[in-house]
Amino acid sequence: EVGIDDVIMLDLALDIARTKGLASSVLYLAEAALERSVAAEHLAEAAQAADEGALEQALEVARECQVEAPALEAAEQLLLRLASRRNLQAALELAASLEVTGTFDEE
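In this note's numbering, each number is its position in the sequence shown, counted from 1, plus 13.
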């Protein structure tokens, strides 16, 4: 797993490489790796927070940056669970509301 320190170090190394005139093809690969690392970090943070909106956004960016499949799949599964919980909560609230108003029928 890539940590924030790794991202900072890679960004610093890229800055140094640019000033030293490293080949653009090598810089491109390194920049893509940095973007992937940042996207993976954001994905992990959104998953840890269990924030459905942030997770959707982080997943979109992670897909674009080609973050590794296991991380994407885990985040997608979490997103499905969060949506299921939200839908269940909405159904429970609707049932409680209908029961209070007397329009709830258990059949």
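Where a beta carbon is used, it is the ideal one built from N, C-alpha and C, also for glycine.
Roughly how many whole angstroms lie between the Cα atoms of residue i and residue j?
{"i": "Gln35", "j": "Glu106", "result": "First, the residue type needs correcting, since residue 35 is Leu and not Gln in the sequence shown. Near 60 Å, if we compare the C-alpha coordinates of Glu106 and Leu35."}
{"i": "Ala75", "j": "Leu101", "result": "28 Å"}
{"i": "Lys33", "j": "Leu68", "result": "37 Å"}
{"i": "Val51", "j": "Ala63", "result": "18 Å"}
{"i": "Pro83", "j": "Thr116", "result": "46 Å"}
{"i": "Ala103", "j": "Leu111", "result": "12 Å"}
{"i": "Val20", "j": "Ala109", "result": "48 Å"}
{"i": "Glu54", "j": "Val113", "result": "45 Å"}
{"i": "Ala57", "j": "Ala87", "result": "10 Å"}
Note the first and the last residue of the continuous alpha helix (DSSP H) segment covering residue i.
{"i": "Thr116", "result": "Note, Thr116: premise wrong, no alpha helix (DSSP H); not H, not E."}
{"i": "Val51", "result": "Ser37 to Ala62"}
{"i": "Gln70", "result": "Glu65 to Glu77"}
Residue i: which of the options sits nearest, CA to CA?
{"i": "Ala46", "options": "Thr116, Gln90 and Gln79", "result": "Gln79"}
{"i": "Arg98", "options": "Ala71, Glu65, Leu42 and Ile29", "result": "Glu65"}
{"i": "Tyr41", "options": "Glu54, Ala53 and Leu23", "result": "Leu23"}
{"i": "Ala59", "options": "Ala103, Arg31 and Leu95", "result": "Leu95"}
{"i": "Gln61", "options": "Glu48, Leu91 and Ser37", "result": "Leu91"}
Is residue i a contact residue of the ligand FAD, with contact defined as CB to any heavy atom under 7 Å?
{"i": "Glu81", "result": "Ligands in the displayed structure: none, and consequently the ligand FAD is not present."}
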